[in-house]
Structures are given as structure tokens and as C-alpha cells.
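Chains as they are written, first to last, in the numbering used here: chain W, 157 to 419; chain E, 12 to 408.
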Amino acid sequence: MDVIVCIKQVPDTEEIHKVRIDSEKHTLIRKGIKSIINPFDENALEEALRIKEKMGGTVTVLSMGPPQAEDALKKALAMGADQAILLSDLAFAGSDTLATSYTLSAAIKKIKRFDLILLGKQAIDGDTAQVGPGLAEWLHLSQITYARKIEIHDGRVRVERGLEDSFEVVETILPVLITVTKEINEPRYPSLRGLLRAKKEEVLVWTSQDLPLKASKIGLDGSATQVIDIFTPEVPSRGKIISGDIYQKVDKLIEKFKKEKLI
Amino acid sequence: MSRIEILKEKCTGCRKCISVCPVSAIHKEGKKVSIASNCTFCGLCVQVCPDQAIRMEKKEKEIDLSAWRGVWVLAEQKDGQVSPVTYELLGAGRNLADDLREKLTLVLVGEKLDRNLNSLENYYIDRIYLIESPLLKQYNTSFYTQILVDLVRKEYPEIILIAATALGRDLAPRIATRLQTGLTADCTGLRIDDGHSRNLIQVRPAFGGNIMATIICPHHRPQIATVRPKVMTKLPPGGGNQAEIIRINPSLSLADRLIEITGLIKEDAGGVDLQEAEIIVSGGRGLGKAENFSLIRQLADLLGGAVGASRAVVDAGWIPSYHQVGQTGKTVQPRLYIACGISGAVQHQVGMRASEVIVAINKDPEAPIFNVATYGIVEDLHHFLPVLIERLGGERK
Ligand SMILES: Cc1cc2nc3c(=O)[nH]c(=O)nc-3n(C[C@H](O)[C@H](O)[C@H](O)COP(=O)(O)OP(=O)(O)OC[C@H]3O[C@@H](n4cnc5c(N)ncnc54)[C@H](O)[C@@H]3O)c2cc1C
Ligand SMILES: Nc1ncnc2c1ncn2[C@@H]1O[C@H](COP(=O)(O)O)[C@@H](O)[C@H]1O
């Protein structure tokens, strides 16, 4: 089994609340926020490593991003990936999910050998969940989104996928593209040996020149959507504190419920 | 081709551009700055550079989009019954269609959907496509994509609205990519540009709800948006339009259905559907331990409501994930939302702040939940809830 995992570097979840925009200057303030592998992508990588441990094969991690995204790929190598590829080029700037999935598809066509492609269900910065299905379309593959369990036997894949209030069990044949949720596993920490190996291992960097790409389909020119404004949401401040001792508070609250015809 | 570059001979390394770049794409490299590939072409750096050292060229496209007309809503249905979110999309769609002076079309895909027509035929819809086949009884990505793409290529709608549900978020990117057009996920605001462009202005949260982004799709049609359930407003019953009904028999082949559904796992959903509930009682980490969810359940039962949760307690395994409210959970809009032991992180707030009445019970007076609460109660929930439950129980008798 050769598995490709697409990972994205994003601002740290724990600190994401610090992402604010300066209303005057209209810019995002990201100072002091660490970058990490998108959490769902770590689950995708963990799943790929488990499949490899069980069935043999290789795990390739692929990311499109600025040069610093190499850190995310190094961590993936330390966790146990065999090969890491970074797609980095100023020509990719301005990519929306259409252009991103196209660029990733070109790299996968170059890698050529794969049985399975795994992604996170969504990236926590953009929260779109569009790159997975988009990539599957560019590659003419079938897709299974929101997987919490994957089983593979004799070229057949059985997946439990999350719906609003239940889980669907679906089956298909390889190759297929699957996006995973955090319920699927608990990602491992890199081992000491892994860290040492990752230090020596090189991340392959591919630019637009290295890929079979149409210039009109990448970066800003290949993007259909454009962000024209960012702003801080207005939160309606209501904030009325009910005072009194605990019994008075309960009574006052029940009074309000009655007035609002809630009970 | 669009491009952006630093003119090294003009750059003085003043760093002004670094400080305004919203995506941290500019870095110091020696004495000058350089731009990385995560640049989004927003142009802020060009504006602030005192030395005109940044050159940005955007290739402008001249494309005739006039053939694309009308607003479509894709209905979501389950077991042959059109889901409530479809009516919300129709509410949003009707406004957009009126602003554009165009027709509103509903696209219904499935099996045996006739029973829905009673309530839809004389609603606010101008046209209904009814696409039925036994092979469409359950959703599957490839058939739905094929059907919608074929229809779009024949009819040229300018806008398509799809629910941001498990189904919609699986399908919409597939359709958009096949049609080579733009898609904006999880929109919370939609309107038509006042100018001549007829562009759909799409507003959506990003970075876990900490910021909002306004997005357009200026050179491609259709403009596709997924819309979160419980964000748009349904129209009142009535409408009185006589919708034209167009039946389509799609030609589908079983061989194209690569993904086969072989089972369904239902876990204890806790009775009431969170997104349809009028009253929700939610618990957070302040409950202390899983067992204390019984307090939340008791109160919810008394009020005839559903049980919600913060992500912290879902992550801790105290309650299954479909109870989660918030950015990565569900958006809810009940008449009453009671948050117990929830701090009110922005990611939680975005899922519940549109509720009509919000009650927050938290022992920390500084908890951000109090900013959005209609009624705030600073108390230990272990003391407060039992009293509330007892008195409410008394009221009931
Ligand atoms: C990308 C991303 C997406 C996220 N999505 C979601 C989401 O969808 N939904 C969500 O909920 N969160 C989400 N989060 C997590 C969110 O940021 C918070 O971490 C989470 O909501 C906190 O849950 P909590 O309020 O239960 O816990 P805490 O923040 O730990 O708050 C517990 C509260 O209980 C109070 N308390 C403690 N003991 C008592 C007592 N005895 N009586 C009364 N009050 C008490 C405390 O004062 C405190 O305010 C997301 C985070 C990220 C980064
Ligand atoms: N720039 C990128 N490089 C590699 N993978 C990506 C990139 N952007 C998104 N992905 C993958 O696509 C998934 C969904 O991302 P998104 O559609 O942005 O929410 C992520 O969890 C990643 O697995």
C-alpha cells in the first residue's frame, strides 16, 4: 500500500484565538502564534502510518505552502513518513481551494504511485473542507469524506463516515481519496530515532517548473474566488447579570422564562 | 500572468509591509524583504510601501457572464422528506433572486419526492426540477455530481445555494471543481453587489470564527455557496407562487456508483434533534465529570429540550460528538439556550450566539459567555442547577 497524505501548516489551535484583526489597519495579527500541522492532517498521517505498519508500503507527505511549511513536513518525517514533498513557489500565491487542489493533483500525478490518498476533513484556518473533494475530482477518483474508521482487505475499503446524527458504512475499491475526522485515532509523538532521522532526511521542494501544470490554473489566475475583505465579527453584547442569593436568582430566572413564554 | 515582486533596488528593509501582511507572507531576507507563496494578493503591502518597492500585477479577465441567470437552491432530503434547512436556503435564495430580478429554482433530487410538492408548489419558488430515480434513494457523490453538472451546463444558473451539511460539503466542491468555478464554504451572509457586477457577496467565518471574510467569485459562473443550517431565515408559510414543475429522468448506470452504502450506525442521539430543538441545555468542562451530565439531562427533560455540549467535553469523551455546538460542531438557534459551565470561547459562541434567549451559568464572572448571555448567573452550577431543577419541577406540578 502506497499512501499519500496531504498536510497543511496552520496557526496553532490553542492560540488561534489570538488571531485578531487590527480594525484600523485591517490586518491579521498573528504575532507569537506557533505554526503546527493541521490537527486533522495529523490524524490522516497517523492512519497512513498504521496502514503501512500493517500492510507494508510507503507513506509520502505532500504540502503546498511557504518555505516555512518545511517544519511541518520535517515533523511528519519524524513521525515516520518515508518521503516529504513541499510545493513552494511564488507562482502559487493567491490560490483558492480550486487552484490548491489543482496544484496538489499535479504533484500527485508526478508521484504517480499510490493506492490511497488521505487528507484531514478540513483545515482549521480556512475551515472549508473543499480541498479533498476538489482533489478527488481533478484526479478522477472517488472520495469518502468524514471517515472515523478505515479497514482495508484485498483491495476493498470499508469506511465509517460521519453524518449529522449517525454514521454511514460505505465500501469501495482502491484507489480512493478519504478525508478523516479526529475520532479515527490518536496521533503519535515523534520518537527520538524519528527525530534524528528527520534531521538528516531532506524535504523535496518542487516549484511550478517541476510540475505538469497549466500556468492559467495556478495561483491567483487559477482561482475563482477572491477574498476582498476581512473584519472582526460584531458580537451583540447583551450581558445582564441576575443578582441576589441563589434562591432569588432561581426565582428571577423562572420569572423571565414565564415572561418570554419559554415555559 | 498575475505576479507580485519586491523591487530589491528600491526596498529599504523598513518592514512596514511585514507588519501589515495579513497572512505573514513577507519576511526579512538580509537587508531586504521577500514574499512567500502564501501571499493572497490583497495589495496591502503595495499601499503601505513608502518606496514603491512592491510591484503587483493582477491579470484582469474580461468575460461575458450575461448568459448566466437565476438562483438555484439544492434541496436536501432524507427518506423522501425535504429537510428544514432547504426552507432556510429558499429564504435566502428568494431575496437574492428578487434583488437580481430573476427566478428562484428548487432542484429536488431523490426518489418518490411527490409528497413534498404540496408544501412547495405554492411557496415562493418559481420553478422546481424534480429529478427522480430509484438509484437516487440515498445520496451518493458521483450521481449527484453528474446530475447537477449536466443541469447547470444546460441551464446556466448564476447562483447555486447548497446546505453546508455532511451531504452538501461532500458534494459542492466536487461540482464546483468539475464546473471549474468558485465555491465559498459555510456562508453566514449573502447579498448581491450593489453595482453592475451582479456578484454574490459572500461572508463567512474563518480562523474558528475569530475573523470574518468577504469573498466574491467575479469571473466564473455559477457562483456556488454552501450555507450553514440555522443561519438564514425561513419565509413564512404561503408565498403563493405557482411553481412550474419540470420532471427529469436521469440516465444513470449502476456501474458508475463506485461507493456503496452497506450499513448505518445509529448511536444514542439523545432523543431530540439539536438543530430543530426550541430549547437547548448545554454543558461544558465546568461540570467537572461525565456523570454530572445527568444534571444537564434532567434540566433538558424538564424543559422539553435537547442536550448540547462544548468541544472540551466532547474531546474528553463525556458525550458523543453530535452534541457539540460551535464552529466544528453544530450551529443552533433555539428560542432558549442555557450554557452551564461553558466559558464561551469564540468557537463555541459562533454556534449559539444567534439563539433568541441565552442564559449562562458560570462561577467565573469574567467568563466571555456573559458577553453574549441575555441573562447571566454567576454561581456554582452544582449548587444552582439542583435548585432550579427542583423549583421548575414544582412549577410543573
Ligand atoms: C479550530 C477550533 C474549533 C473549535 N470548535 C469548537 C466548537 O465547535 N465548539 C466548542 O464548544 N468549542 C470549540 N473549540 C474549543 C474552544 O476554543 C474551547 O476550548 C471550548 O469551547 C471550551 O469548552 P468549555 O467552555 O466547556 O471549557 P472551559 O473553557 O474549560 O470552561 C469551563 C468553564 O466552566 C466554569 N466552571 C468551572 N466549574 C464551574 C462550576 N462548578 N460552576 C459553574 N461554572 C464552572 C469555568 O469558570 C469556565 O468558564 C474549538 C477550538 C478550535 C481551536
Ligand atoms: N496547502 C495545502 N497543502 C497540502 N494539503 C492541503 C493544503 N490545503 C488543504 N490541504 C488538505 O486538505 C484538507 C482540507 O483543507 P481545506 O479544504 O482547506 O479545509 C486539509 O485537512 C489537508 O489535508
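We treat Cβ as the ideally placed atom computed from N, Cα and C, and that holds for glycine.
Comparing alpha-carbon positions, the option among W/L418, W/Q404, W/E411 lying closest to E/V389 turns out to be W/Q404. Checking the 7 Å criterion, the Cβ of W/V287 is within range of a heavy atom belonging to ligand 2. Boundaries for E/W329: no beta strand (DSSP E) harbours it, and the DSSP string shows neither H nor E there. E/G81 does not reach chain W, its nearest Cβ partner there being about 19 Å away, counting only Cβ pairs nearer than 7 Å.
For W/E327, the uninterrupted beta strand (DSSP E) segment begins and ends at 323-329. Residues of chain W with a Cβ closer than 8 Å to the Cβ of E/I227 are, in chain order, T381, Q382, I384. If the five residues before and after E/K123 are omitted, its C-beta is found closer than 6 Å to the C-beta atoms of G91, all from its own chain and listed in chain order. Under the Cβ criterion of 8 Å, W/I192 is not counted among the residues facing chain E. Shown here is that no member of the region 16-27 of chain E has a Cβ falling below 7 Å from a Cβ of chain W. Interface flag for E/R346 against chain W is set, since a Cβ pair is found closer than 8 Å.
For E/I272 and W/K268, the gap between their C-alpha atoms comes out near 29 Å. Of all residues in the region 218-229 of chain W, the ones placed with a Cβ closer than 9 Å to any Cβ belonging to chain E are M220, G221, P222, P223, Q224, A225, in chain order.
For E/G387, the closest Cβ of chain W is nearer than 8 Å. Three or more Cβ pairs closer than 8 Å define a contact, and the region 167-181 of chain E meets that threshold against the region 222-241 of chain E. With a beta-carbon spacing of about 4 Å, W/A262 and W/L367 fall inside the 8 Å limit used to define contacts. Contact annotation, W/T253 with W/G290: C-beta distance approximately 6 Å; criterion of less than 8 Å satisfied. Near ligand 1, meaning a Cβ closer than 5 Å to any of its heavy atoms, lie the following residues in chain order: W/T169, W/I172, W/I280, E/G219, E/G295, E/R296, E/G297, E/S321, E/R322, E/A323, E/G337, E/Q338, E/T339, E/G340, E/G352, E/I353, E/S354, E/A356, E/Q358, E/H359, E/N373, E/K374, E/D375, E/A378, E/D391, E/L392.
Looking only at W/L376, W/V161, W/L418, the smallest Cα-Cα distance to W/L260 is reached by W/V161.
In the DSSP assignment, W/F387 falls within the beta strand (DSSP E) that extends over 382-387. 8 Å or more divides the Cβ of E/K19 from the Cβ of E/K39.
Taking 8 Å as the threshold, the shortest C-beta distance from E/E40 to chain W does not fall below it.
Taking 7 Å as the cut-off, one finds at least one heavy atom of ligand 2 near enough to the beta carbon of W/T253. The contact set of E/I369 on chain W, defined by CB atoms closer than 9 Å, consists of R394 in chain order. Proximity of the beta carbon of W/Q299 to ligand 2 is not indicated: no heavy atom of the ligand is located closer than 7 Å. Residue environment for E/N221: buried (at least 16 other C-beta atoms within 10 angstroms of its C-beta). Within chain W, not a single residue places a beta-carbon under 8 Å from that of E/H334; the smallest gap is close to 10 Å.
Exclusion of the five residues before and after E/R209 leaves L76, L111, E169, I203 as the residues of its chain whose Cβ lies within less than 8 Å of its Cβ. Listed along the chain, the chain W residues whose CB falls inside 8 Å of the CB of E/N252 amount to none; the nearest CB is some 30 Å away. Look at W/D227: its beta carbon is at least 7 Å from all of the heavy atoms in ligand 2. Under the 8 Å criterion on CB atoms, E/V93 is classed as non-interfacial with respect to chain W. In the three-state scheme derived from DSSP, where H, G and I count as helix and E and B as strand, W/G318 is classed as strand.
Assignment of beta-bridge partners to W/S191 by DSSP yields W/P167. The C-beta of E/E377 comes no closer than 8 Å to any C-beta of chain W. Taking a beta-carbon distance threshold of 8 Å, E/P216 counts as an interface residue toward chain W.
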